[in-house]
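Engineer: Chains as they are written, first to last, in our numbering: chain A, 355 to 854; chain B, 50 to 450. C-beta: ideal position from N, C-alpha, C; glycine also. First the structure, which I've put down as structure tokens, then a few questions once you've had a look.
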Amino acid sequence: MATVTKIAWFIPTNTENLQMMLAQGLITDSNGFAGTYYNDVLSEYPGFIPLFKNEVPLTALNMAISEASDLTCCIIKINLSYVIDGYGVHTRTDIDNALEVPFKETNKVFISSLNNKKSDEVDFESMLIQAPLPLSCIEEVIFQYKSDLDEFKTSSSNVGNVSIAILKCKVDKNLFEPKSSDAAMFDSRFCSPEHNTIEYSKPYSFGGLVALSFYFSKNGEESTKLFNSIAQFEEESSSLEYKWIYEYFFSSEDNNKFQKWNIILDTLNHSKKRDDSEYKNTIVEFLDSTVETQFIAEFLTDYHRSKVIKSDADIIEKFIMEYDEEPKKFKIQLFLFMFFYKDNLEKLIEFNHASFREEDYVLIGMLFGMKNGFIGLPKWLVEYEHLHLYLSTIMANYAHLQAKTGLHFKAPPKPLLLNEMLSPKKVDFISWLSKSLNLNECFESVMPNKEFTCVKGKSTYAGIVMPEFRIIKDKYFKTISTIKLDDTSYNKICKEYKGK
Amino acid sequence: MRWLVSKRTFDLPGIDELNKDQKAVIRLKESGQFLIKGGPGTGKSVVALLRVRKFHNEGNYLFLTFNHVLNSSTKQIFGIDIKSDTAQSWFYKLQFDLAPGDAVNDFETKKMPHKRDANGKEIQHSPDYDQVAKRFESYSAEDLRSLPSKDTHFIIDEGQDLPEGFYEALQVLGFENFFVVADQNQQITEENSSIDELTDVLALEQEDVIELKENYRNSSAIAKFAQLFYTDKATPKPEIPNRPSLDTPTLYVYQLLNSCVEMIHREAARDTSKLIGLIVATETKRESYTKLLTKSVIGNADIIISSYSNQTKQNVNIDFSKGGVVVLCDKSVKGVEFDVVFIVLDGLKVINNDTDAIKKRLYVMASRAKEKLFLLRSASIPNEIEGILPADENIMIRDNI
Chain A
355 MATVTKIAWF IPTNTENLQM MLAQGLITDS NGFAGTYYND VLSEYPGFIP LFKNEVPLTA
415 LNMAISEASD LTCCIIKINL SYVIDGYGVH TRTDIDNALE VPFKETNKVF ISSLNNKKSD
475 EVDFESMLIQ APLPLSCIEE VIFQYKSDLD EFKTSSSNVG NVSIAILKCK VDKNLFEPKS
535 SDAAMFDSRF CSPEHNTIEY SKPYSFGGLV ALSFYFSKNG EESTKLFNSI AQFEEESSSL
595 EYKWIYEYFF SSEDNNKFQK WNIILDTLNH SKKRDDSEYK NTIVEFLDST VETQFIAEFL
655 TDYHRSKVIK SDADIIEKFI MEYDEEPKKF KIQLFLFMFF YKDNLEKLIE FNHASFREED
715 YVLIGMLFGM KNGFIGLPKW LVEYEHLHLY LSTIMANYAH LQAKTGLHFK APPKPLLLNE
775 MLSPKKVDFI SWLSKSLNLN ECFESVMPNK EFTCVKGKST YAGIVMPEFR IIKDKYFKTI
835 STIKLDDTSY NKICKEYKGK
Chain B
50 MRWLVSKRTF DLPGIDELNK DQKAVIRLKE SGQFLIKGGP GTGKSVVALL RVRKFHNEGN
110 YLFLTFNHVL NSSTKQIFGI DIKSDTAQSW FYKLQFDLAP GDAVNDFETK KMPHKRDANG
170 KEIQHSPDYD QVAKRFESYS AEDLRSLPSK DTHFIIDEGQ DLPEGFYEAL QVLGFENFFV
230 VADQNQQITE ENSSIDELTD VLALEQEDVI ELKENYRNSS AIAKFAQLFY TDKATPKPEI
290 PNRPSLDTPT LYVYQLLNSC VEMIHREAAR DTSKLIGLIV ATETKRESYT KLLTKSVIGN
350 ADIIISSYSN QTKQNVNIDF SKGGVVVLCD KSVKGVEFDV VFIVLDGLKV INNDTDAIKK
410 RLYVMASRAK EKLFLLRSAS IPNEIEGILP ADENIMIRDN I
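Here it is as structure tokens:
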């Protein structure tokens, strides 16, 4: 008796498009590509991602390499168990029997219902899911030849923002030689269904923003709170600037308090080229357009043209003093200055200032992350343990929430937050961390409130008594904010924390 | 305030920063002959360096540049110890090593044959490639035992500055793998190759020539300014987005030289990881600016001032992996890029009414700048370059310091 296997869902594409998906952090239809796109099935139904059941039609395979003869085809196997809510649309019945099987009135498929279904339990061969899908839905990537897989690995290492660490890859020649007839990919009577349009710029900006707030969460409790709030789509912060950013991403009301400054966020949202300083021009033009902000435009222009004689340290110090005198003042001038002073994300990460507070780093980081978008994140940050898939899911959930598609994805493991690892009971870990990052002066040891005797000048307790570590918050912040935590250091910390 | 000074390195491009033409270059097969043409900042050197990465582990390649400065900066910035040299130095050594005889006793017969002028006098640094090719043809397999492997991949930057004879001589030796990047508008040598000549000498099919069009290096305002000095009709002008910019190049007319020095220092102190190019027209200017900048840098030890002259025949002692100010004559800057460029117009002259020649020089100088471009001119010295500078304030701002 033949065994009926569990359904496998496939997306045929080429390695160029696959690399772009990994870099942008989402599986999208062709409209969502953040860079060059090569023709494949992802352009067939705008707004949708086609999935093929168990085998890929030859037409779809050929389409993936139709734009250039030297492109390499690959097949993404999709794991639908990460889709916990929402519908797909099935596109055809078995092609050989197409004329005999009546076209169904409704093609809606509840995606969760497909979990663990066997091949003979589903009577359609392909379906569409509204884009985007998070990268956690990639179960594995299949190549026709080992040489194709090797070339994919090499070419991925030759670009700055393609991390393949999350991928499982294998070679299976058979999948590239479909058995059934495939004159058409989809039933000819199938019409493109309607979809809710995704405006991709915002999810990508949001991914960059959350990534940077994750990076700066190392700085302490306040930073961690800000990260947790934004990652959970919550507005829990008293910071004016946080509210401004939050409302830009989550509020549909036009009359919020910071409306007039939203052009700045719009500019950052739409400026995704790392080396392009054009966004500064747009910002200056905006500032120059109203009398009350013209002086900021003039200052930033002179600064950019090297005509401001005052040193950068003095400029920043002046801003900080103003904000100290008036703590409720909206810090837009300092934030804008930072874009003219530190013109890229890596330089912001390496920057620190003795008068900066925790929230200054996180909020400025959020704006820089937003400007770069997910695709502009340094590879080392994306390669923080679990961060790539976590951010991808956040972006996908944000995109579908904004477009009200009803699709929702299960969160993969959350990356560990340094501040949350510093539990007083984790004596060995904190001791190790303090030594590794030279943080000894940032902690104090507290002995339990138990009776002890003084034996030869030493405090002696009965039984086994463990001290607890306490963070000296200010010292910890001042020190940790000067430390750049790359993926090697972060992943080592996680490993040590988990006791592996 | 504390800076963590970052090292300047060759950053791999993001996949979204590569266009389809560049990706097609990256996907080119390993063996064969290819020509990549394009204007400054179109990413020619980037694809050449990615080609180097492709062969680096195997080691069967040689990266050749035209000038010492570019060779030195590439070696330092690339981050790995690549096999590179300047094309002429390498060729002179190859020719000498292959020629039979003893290095001391047979020096005269081993040395490079040079072209001769109308009076029969040898022209220095101008190899007679025809004669070299004949020599190469005459060598036995035994003579060629020290030759690099025939499957060596030659990756040649600024290939337009080498004459056809250079390529022909290497082909005589049996080399077949050439990856040449070139820009006809950046020819600065007397002996050079046009794009057509390179296509012929490398026997290229249409699909082996890829043109890169989009300018990635310069801000649009700088590209627009540089475009004014574009003289070549053979290759199309780089595509430039038509939009205004905060980065419009500025001509500062100075009363006191010291105000220029202060401005350069200020720009360098602002971000010590940035590389600032001060490009001058003559050796005298190079020396005087280097002295002035070095002398007045005292008190700001973070700023590194360095310089190099191709007339001294010394090694390039500039650390391109760090930021700072680099003072160079315009003939040494080809292929090198700077975050900020100051061009000193004093001393730049139109010779024999050849405005095309001066435009080419200005094109090369201006297109070195990635982010900002400033031109400096003394208020007290008449300057004949003024006449070819744009009057349009949208293209170049004029200001006094």
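Who are the neighbours of glutamate 632(A) on chain B, taking C-beta pairs under 8 Å?
Structural biologist: Sequence index remark: in the first sequence, residue 632(A) carries index 278 (1-based). In chain order: Ser268, Ser269, Arg292, Ser294.
Engineer: With a Cβ-Cβ cutoff of 8 Å, do alanine 485(A) and threonine 382(A) count as a contact?
Structural biologist: Within the first sequence, the letter at position 131 stands for residue 485(A). Within the first sequence, the letter at position 28 stands for residue 382(A). Taking 8 Å as the Cβ cut-off, alanine 485(A) and threonine 382(A) qualify as a contacting pair.
Engineer: Would DSSP call leucine 857(A) helix, strand or coil?
Structural biologist: As displayed, chain A neither begins before 355 nor continues past 854, which places residue 857(A) out of reach and without an answer.
Engineer: Residues of chain B with a CB under 7 Å from the CB of glutamate 370(A): which are they?
Structural biologist: Translated into positions along the first sequence, residue 370(A) becomes position 16. The answer, in chain order, is Lys72.
Engineer: Can the beta-carbon of alanine 414(A) be found less than 8 Å from the beta-carbon of lysine 626(A)?
Structural biologist: Position 60 of the first sequence, counted from the start, is the residue given in the question as residue 414(A). Position 272 of the first sequence, counted from the start, is the residue given in the question as residue 626(A). No, these two residues do not count as a Cβ contact at 8 Å.
Engineer: With distances taken from CA atoms, which of Thr621(A), Val564(A), Met724(A), Glu712(A) is nearest glutamate 827(A)?
Structural biologist: Translated into positions along the first sequence, residue 827(A) becomes position 473. Strictly speaking, residue 827(A) in this sequence is lysine, with glutamate absent from that position. Minimum Cα distance to lysine 827(A) is reached at Glu712(A).
Engineer: Taking 6 Å as the limit between beta carbons, can you name the residues of its chain near serine 122(B), skipping five residues before and five after?
Structural biologist: Indexing the second sequence from 1 puts residue 122(B) at position 73. Excluding sequence neighbours, serine 122(B) sits near Phe369, Val385.
Engineer: With a cut-off of 8 Å, does the C-beta of leucine 411(B) fall near any C-beta of chain C?
Structural biologist: Here the protein chains are A and B, and chain C is not one of them.
Engineer: In the DSSP assignment, find the alpha helix (DSSP H) that holds cysteine 491(A) and state where it starts and stops.
Structural biologist: Here residue 491(A) is taken as the residue at index 137 of the first sequence, counted from 1. Here cysteine 491(A) belongs to no alpha helix (DSSP H), and DSSP marks it neither H nor E.
Engineer: Can you list, in chain order, the stretches of the beta strand (DSSP E) that have 3 or more residues and sit fully within the segment 381-410 of chain A?
Structural biologist: Within the segment 381-410 of chain A, the complete beta strand (DSSP E) runs of at least 3 residues are 402-407.
Engineer: Taking only runs that begin and end inside the segment 306-357 of chain B, name each unbroken alpha helix (DSSP H) of 4 or more residues, in chain order.
Structural biologist: Fully enclosed alpha helix (DSSP H) runs of 4 or longer: 306-319, 332-344.
Engineer: Taking its Cβ as the centre, do 16 or more other Cβ atoms sit within 10 Å of cysteine 857(A), making it buried, or is it exposed?
Structural biologist: Outside the displayed span of chain A (355 to 854) sits residue 857(A), for which this structure offers no information.
Engineer: Alpha carbon to alpha carbon, how far is lysine 419(B) from alanine 317(B)? Give it in angstroms, no decimals.
Structural biologist: As a first step, residue 317(B) is located in the second sequence; it is residue number 268 there, counting from the start. As a first step, residue 419(B) is located in the second sequence; it is residue number 370 there, counting from the start. Looking at the two C-alpha atoms, the distance is approximately 15 Å.
Engineer: For valine 800(A), count neighbouring C-beta atoms within 10 Å of its own C-beta (all shown protein chains included) and say buried if the count is 16 or more, exposed if not.
Structural biologist: Stepping through the first sequence from its first residue, residue 800(A) is reached at position 446. Exposed, by the Cβ-count rule.
Engineer: Could you check whether the Cβ of isoleucine 430(B) sits closer than 7 Å to any heavy atom belonging to the ligand COA?
Structural biologist: The ligand COA is not part of the structure shown, which contains no ligands of any sort.
Engineer: Answer yes if the segment 473-483 of chain A comes into contact with the segment 827-836 of chain A, meaning at least three C-beta pairs across the two stretches below 8 Å, and no otherwise.
Structural biologist: No: the two stretches stay apart, fewer than three of their Cβ pairs being nearer than 8 Å.
Engineer: Out of curiosity, what's the CA-to-CA distance linking phenylalanine 640(A) and isoleucine 271(B)?
Structural biologist: Residue mapping note: residue 640(A) aligns to position 286 of the first sequence, counting from 1. Residue mapping note: residue 271(B) aligns to position 222 of the second sequence, counting from 1. Looking at the two C-alpha atoms, the distance is approximately 22 Å.
Engineer: Please state whether the Cβ-Cβ distance between lysine 273(B) and isoleucine 85(B) is less than 8 Å.
Structural biologist: The sequence position of residue 273(B) within the second sequence is 224, counting from 1. The sequence position of residue 85(B) within the second sequence is 36, counting from 1. No, the pair does not count as a contact, with Cβ atoms beyond the cut-off.
Engineer: Touching or not, the segment 87-107 of chain B and the segment 255-263 of chain B, by the rule of three or more beta carbon pairs under 8 Å?
Structural biologist: Short answer: they touch.
Engineer: Pull up the CB-CB distance for tyrosine 178(B) and glycine 214(B), whole angstroms please, since I reckon it's below 8 Å.
Structural biologist: Here residue 178(B) refers to the residue found at position 129 of the second sequence. Here residue 214(B) refers to the residue found at position 165 of the second sequence. About 2 Å separates the two Cβ atoms, so the contact holds.
Engineer: In the DSSP assignment, what are the bridge partners of alanine 231(B)?
Structural biologist: As a working mapping, residue 231(B) is identified with position 182 in the second sequence. Partner(s): Lys86(B).
Engineer: Look at the Cβ atom of alanine 377(A), then the Cβ atom of aspartate 70(B), and state whether they are nearer than 8 Å.
Structural biologist: Locating residue 377(A) in the first sequence gives position 23, counting from the first residue. Locating residue 70(B) in the second sequence gives position 21, counting from the first residue. Not closer than 8 Å, so no.
Engineer: Can you have a look at isoleucine 303(B) and say buried or exposed, based on whether 16 or more other CB atoms are within 10 angstroms of its CB?
Structural biologist: The sequence position of residue 303(B) within the second sequence is 254, counting from 1. The sequence shown places tyrosine at residue 303(B), not isoleucine. Counting Cβ neighbours within 10 Å, tyrosine 303(B) comes out buried, since at least 16 surround it.
Engineer: Find the nearest neighbour of asparagine 550(A) within the set Ala362(A), Thr759(A), Asp541(A), judged by alpha-carbon distance.
Structural biologist: Within the first sequence, the letter at position 196 stands for residue 550(A). Ranking Ala362(A), Thr759(A), Asp541(A) by Cα distance to asparagine 550(A) puts Thr759(A) first.
Engineer: Helix or strand or just coil, what does DSSP make of alanine 190(B)?
Structural biologist: Counted from its first residue, the second sequence places residue 190(B) at position 141. Here alanine 190(B) sits in coil by DSSP.
Engineer: Can you tell me whether isoleucine 352(B) is buried or exposed? The criterion is at least 16 other CB atoms within 10 Å of its CB, across all chains shown.
Structural biologist: In the second sequence, the residue the question calls residue 352(B) occupies position 303. The residue is buried, with at least 16 neighbouring Cβ atoms inside 10 Å.
Engineer: Using only the alpha-carbon positions, how far apart do leucine 702(A) and tyrosine 596(A) sit?
Structural biologist: Numbered from its first residue, the first sequence carries residue 702(A) at position 348. Numbered from its first residue, the first sequence carries residue 596(A) at position 242. Their Cα atoms are separated by approximately 18 Å.
Engineer: Counting along the chain, where does the alpha helix (DSSP H) carrying serine 138(B) start and finish?
Structural biologist: The residue given as residue 138(B) occupies position 89 in the second sequence. First-last of the alpha helix (DSSP H) with serine 138(B): 136-147.
Engineer: Distance check for histidine 105(B) and serine 175(B), CA to CA, integer angstroms please.
Structural biologist: Position 126 of the second sequence, counting from 1, holds the residue named residue 175(B). Position 56 of the second sequence, counting from 1, holds the residue named residue 105(B). Their backbone Cα atoms lie some 31 Å apart in a straight line.
Engineer: Looking at C-beta atoms only, is the number of pairs between the segment 216-232 of chain B and the segment 188-204 of chain B that lie closer than 8 Å three or more?
Structural biologist: The segment 216-232 of chain B vs the segment 188-204 of chain B: in contact.
Engineer: Can you find at least 3 beta carbon pairs, one from the segment 499-519 of chain A and one from the segment 424-433 of chain A, that sit closer than 8 Å?
Structural biologist: Touching, yes, given that three or more Cβ pairs across the two stretches are closer than 8 Å.
Engineer: Taking the alpha carbon of phenylalanine 278(B) as the point to measure from, which residue in Tyr110(B), Gly169(B), Asp405(B), Lys421(B) has its own alpha carbon closest?
Structural biologist: Taking the second sequence and counting its residues from 1, the one referred to as residue 278(B) is at position 229. For the residues Tyr110(B), Gly169(B), Asp405(B), Lys421(B), the minimum Cα distance to phenylalanine 278(B) belongs to Asp405(B).
Engineer: At a CB-CB cut-off below 8 Å, which residues of chain B make contact with valine 513(A)?
Structural biologist: Position 159 of the first sequence, counted from the first residue, corresponds to residue 513(A). Correct list: Leu61, Pro62, Gly63, Ile64, Leu67.
Engineer: What does a CB cutoff of less than 8 Å around glutamate 632(A) pick up in its chain, not counting 5 residues either side in sequence?
Structural biologist: Here residue 632(A) corresponds to residue number 278 of the first sequence, with the count starting at 1. Excluding residues within five positions, the ones whose Cβ falls inside 8 Å are Ser625.
Engineer: Determine which residues of the segment 370-394 of chain A have a Cβ less than 7 Å from any Cβ of chain B, and write them out in chain order.
Structural biologist: Cβ contacts with chain B: Glu370, Gln373, Met374, Ala377, Ala388, Gly389, Thr390.
Engineer: Please list, in chain order, all residues of the same chain as leucine 721(A) whose beta carbon is under 7 Å from its beta carbon, the five residues on each side excluded.
Structural biologist: Stepping through the first sequence from its first residue, residue 721(A) is reached at position 367. Taken in chain order, the residues that qualify are Leu622, Phe689.
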